[in-house]
Amino acid sequence: MNHIQTITEFLVDEFLPDIEAGSLTADYDLLAGGVIDSLGLLKVIAWLEDRFGVVVDDLEIAPDNFRTVAAMNEFVRNAGRPTERAA
Amino acid sequence: MTTTVQDARTPLSSRSFVESFSANVRRFPDAPALIWRDEPVSYRELNDRVRHASAQLSAAVIGTAPVGLRCSKSPDSIALVLACLMDQRPFLLPSATLPEQTLQELFLRAGCAGVLTAPSSPTGRYSWAVPQGAVRTQRDRGATGRVRGFSPDPGAVTFMLTTSGSTGLPKIVPLSEGAVDRFTDWAGTQFELCPGRSVLNFSPLNFDLCLLDIWATLKHGGCAVLVEPARATSGGYLRHLLVRHEVELVQAVPMFYQLLAQANTVEFGGVRHAVITGDRIAPGCLAQIPGMFPHARLYNLYGCTETNDSLLYEIDPTDLPTGALPLGDPLPGVRALLAGEDGTIQNGPGIGELYVSTPFQTAGYLGVPHGGSRFVTHPGGDYFRTGDLVRRHEDGSLTLEGRKDFQVKVRGVRTSIEQVEQVLGRHPDISEVAVVAVPDPVAGHLLHAETRRVPGSALNSLLLRKFCADHLARTAIPSTFRIAENPLPRTSTGKIDRQMVARLHMERD
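Chains as they are written, first to last, in my numbering: chain A, 1445 to 1531; chain B, 6 to 514.
As structure tokens, this is what we get:
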């Protein structure tokens, strides 16, 4: 299941009011440019949990899983399967 | 009664970091030195990693030429810093989030013979690179180390930290071995650091705050409980570390206490000292601290990267100040004074710029004549002009009023609004820009950029953020942007009206 469009729309709504959904590419680094700061990250995670029913342990947050739209999509797809904690 | 020059004149004897750390490894090899991802790293294990790092450093660099370290926090990064300290090799430790070009310029300016990156596994190799544009023979331009085997040299440079430049490149702050030893001794005595004591390290590895919570802790045989920077804003994670690892000393910026207060449901009864530092704390947040730390002594600690900690105020938990927290009294050996616009010393109540002289301070910015204009000589010593405007009250107590320049704290990091404006102003599609600091209950301040783009440009916040990421440290990237085509408001003298920009922004919110 591909959630790229849903995730992109959420991010644009929440963090990028001035741009159109089409301008945010799946590989744009959301952390480097500060679109999502460390507090924004918590908001994104809460939304992913709510929207896709995934559970993200407070202690298991690895920012690289949320760096790009593509990474978030991958994270949601893998949720539920046993994954190794990012080193 | 008020005094102008405050001076406790307590002579500080100092023990060398190198000798103390080596003695700790011999005496308590199995005691934990670090906690990382809930796992202990013993003094023996840490020392093994130091030797591994030292061997690779010696193979790569002749003598004790300065090196640059690209480190985010980890046991191996700490081992790399320790290896430099043990070998008495100067090292530049800049923020890992600075743009690549800025990092390269800093490494060159510090005369680094090479730049090391810590490996991701304990047995991995340190990756090594020569700074772009460097020539091997230029070590005489930077700080110089000393030949191994000599006795400790209190004047030799060890740490080189960076501070946000008011404009352009960050400034390099070299700290001498003696300054680090005197500071780590003071911290050990003040906060009862000793073997078996757990200390939380909240700040990133390049912050001067680590001189207390990592380096003083390791000198005195304690255990530094490391907060992973990537998870540092999760209150639940912070609570977990405090409880699980029985932390006894906490030093952190107000944001830490705010995050903890939001997530907390327990008392941290084991904490003996809780230190607030780096920024003003909101009264609502301060009010929650005595309840969270019922058995702790509470402090407000004032310092700058250039001077390290300077003033300390102990907070009475049963009688919290209603206004700004007092800055407190000078630490032993520290002198503090207030100066007027023209640099004359101010006696009595009023507002002036705070000048401090400490036993822990830098001799001046690296590569700047006479250390830079922020360093001045006054009776009693060489003072650093902090840029902080401070009020001396009738009773002699001091409180922070604001800054002389356009600097604010964003998540505890000193950030120059002017620098952010200058960087944005260099973007070819921007014709006008104003950056304003908006108070934020958690971060202290957040930056907002109001920009006017040139007509017909397709500039949007994504492109602008990418541009910022290439030229600014992450904390200096504005949280919000507004990109419009109409002109920015101006004052009657034709300058961009920052106050109006801030007001319009708040109203739109």
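C-beta: ideal position from N, C-alpha, C; glycine also.
Task: Between the CA atoms of valine 381 of chain B and serine 315 of chain B - distance to the nearest angstrom - done: Approximately 17 Å, taken between the alpha carbons.
- [ ] Assuming glutamine 412 of chain B contacts glycine 385 of chain B (C-beta within less than 8 Å), just tell me the rounded distance between them.
- [x] Actually they do not touch by this definition, with Cβ atoms about 27 Å apart.
Open item on the list: Taking the alpha carbon of asparagine 1517 of chain A as the reference point, which residue from A:Asp1457, A:Pro1461, A:Thr1469 and A:Asp1462 has its own alpha carbon closest?
Closed with: Relative to asparagine 1517 of chain A, the option among A:Asp1457, A:Pro1461, A:Thr1469 and A:Asp1462 whose CA is nearest is A:Thr1469.
- [ ] Provide the residue(s) that pair with histidine 450 of chain B in DSSP beta bridges, ordered along the chain.
- [x] The partner list for histidine 450 of chain B (beta bridge, DSSP) reads B:Pro444.
TODO: Give a yes or no on whether 9 Å exceeds the smallest Cβ distance from threonine 122 of chain B to chain A.
DONE: It does not: the Cβ of threonine 122 of chain B has no partner Cβ on chain A nearer than 9 Å.
Task: Residues near threonine 485 of chain B by beta carbon distance below 6 Å, same chain, minus five either side - done: So the qualifying residues of the chain are His453.
Task: Option in B:Phe207, B:Thr282, B:Arg397 and B:Val185 with minimal Cα separation from valine 23 of chain B - done: The candidate whose alpha carbon is nearest that of valine 23 of chain B is B:Val185.
Task: Beta carbon of arginine 32 of chain B nearer than 9 Å to that of glycine 226 of chain B - done: The Cβ-Cβ distance between arginine 32 of chain B and glycine 226 of chain B falls below 9 Å.
Open item on the list: Can you check whether the C-beta of valine 1479 of chain A is within less than 9 Å of a C-beta belonging to chain B?
Closed with: Chain B contact via Cβ: present.
Task: Where arginine 277 of chain B sits in the DSSP three-state scheme - done: Under the three-state reduction of DSSP output, arginine 277 of chain B falls in the coil class, being neither helix nor strand.
Open item on the list: Let's test the definition: count the other Cβ atoms within 10 Å of the Cβ of lysine 500 of chain B and tell me whether it reaches 16, buried, or not, exposed.
Closed with: Of the residues assessed, lysine 500 of chain B falls on the exposed side of the cut-off, its CB having fewer than 16 other CB atoms within 10 angstroms.
TODO: Examine chain B for any beta-carbon lying closer than 9 Å to the beta-carbon of isoleucine 1448 of chain A, and answer yes or no.
DONE: Answer no: the Cβ-Cβ gap between isoleucine 1448 of chain A and chain B never drops below 9 Å.
Task: the segment 1449 to 1462 of chain A: positions lying closer than 8 Å to chain E by Cβ - done: Protein chains in the displayed structure are A and B, and chain E is not among them.
- [ ] Give the residues of chain A in contact with threonine 270 of chain B, contact being defined as C-beta atoms less than 8 Å apart.
- [x] What threonine 270 of chain B touches in chain A: nothing, since even the nearest Cβ is about 13 Å away.
Task: For leucine 371 of chain B, the first and last residue of its enclosing alpha helix (DSSP H) - done: No alpha helix (DSSP H) contains leucine 371 of chain B, which DSSP labels as neither H nor E.
Task: Short CB-CB distance (under 9 Å) between leucine 1492 of chain A and chain B - done: Not one chain B Cβ lies under 9 Å of leucine 1492 of chain A.
Open item on the list: By the three-class DSSP mapping on this structure, what secondary structure does histidine 383 of chain B have?
Closed with: Three-state DSSP puts histidine 383 of chain B in a strand.
TODO: Could you have a look at cysteine 309 of chain B and say whether DSSP puts it in helix, strand or coil?
DONE: Residue state, collapsed to three classes: strand.
Task: DSSP-derived helix/strand/coil call for alanine 1476 of chain A - done: Alanine 1476 of chain A falls in the coil class under three-state DSSP.
Open item on the list: Using CA atoms only, rank isn't needed, just tell me which of B:Leu97, B:Glu455, B:Gly401 and B:Ser181 is closest to threonine 367 of chain B.
Closed with: If we check each option's Cα against that of threonine 367 of chain B, B:Ser181 comes out closest.
Task: Where glycine 1484 of chain A sits in the DSSP three-state scheme - done: Helix.
Open item on the list: Looking at chain A, is there any beta carbon in it that lies within less than 9 Å of the beta carbon of isoleucine 435 of chain B?
Closed with: Closer than 9 Å: no.
Task: Helix, strand or coil at lysine 471 of chain B [DSSP, three-state] - done: Residue state, collapsed to three classes: helix.
Open item on the list: Quick check: is the beta carbon of aspartate 1473 of chain A nearer than 9 Å to any beta carbon in chain B?
Closed with: Chain B contact via Cβ: present.
Task: CB of arginine 75 of chain B within 9 Å of CB of leucine 121 of chain B, strictly - done: Contact flag set, yes.
Open item on the list: Less than 6 Å between C-beta atoms, sequence neighbours within five positions excluded: which residues of the same chain meet that for serine 402 of chain B?
Closed with: Pro331.
Task: Within chain A, the residues that isoleucine 482 of chain B reaches when beta carbons sit closer than 7 Å - done: Result: Gly1477 and Gly1478.
Open item on the list: Using a Cβ distance threshold of 8 Å, determine whether the segment 405 to 423 of chain B contacts the segment 455 to 469 of chain B, with at least three qualifying pairs required.
Closed with: Counting Cβ pairs under 8 Å, fewer than three are found: no touch.
Task: Expected contact under 8 Å - CB spacing of valine 276 of chain B and histidine 300 of chain B to nearest Å - done: The C-beta distance from valine 276 of chain B to histidine 300 of chain B rounds to 7 Å, short enough to fall under 8 Å.
Task: DSSP three-state assignment for aspartate 400 of chain B, whether helix, strand or coil - done: Here aspartate 400 of chain B sits in coil by DSSP.
- [ ] Could you check the C-alpha separation between glycine 147 of chain B and serine 203 of chain B for me, to the nearest Å?
- [x] Residue placement at glycine 147 of chain B is flagged as unreliable, the pLDDT there being 43, under the threshold of 50; the coordinate-derived value follows with that caveat. So the two alpha carbons sit approximately 36 Å from each other.
Open item on the list: Can you tell me whether threonine 420 of chain B sits near the ligand SAH, meaning its C-beta is under 8 Å from at least one heavy atom of the ligand?
Closed with: Questions concerning the ligand SAH fall outside what the structure shown contains, since it holds no ligand whatsoever.
TODO: Could you check the C-alpha separation between leucine 111 of chain B and valine 1479 of chain A for me, to the nearest Å?
DONE: C-alpha separation (whole angstroms): 27 Å.
- [ ] Identify, in the order they occur along the chain, each residue of the same chain with its Cβ nearer than 6 Å to the Cβ of alanine 1523 of chain A, setting aside the five sequence neighbours on each side.
- [x] Excluding residues within five positions, the ones whose Cβ falls inside 6 Å are Val1498.
- [ ] List the residues of chain A that asparagine 211 of chain B touches, going by C-beta distances under 9 Å, in chain order.
- [x] Listed along chain A, no residue sits closer than 9 Å to asparagine 211 of chain B by beta-carbon distance, the nearest being about 17 Å off.
Task: Pairwise C-alpha distance: valine 66 of chain B and glutamine 265 of chain B - done: The sequence given here places leucine at residue 265 of chain B; glutamine does not occur at that position. So the alpha carbons of these two residues sit roughly 44 Å apart.
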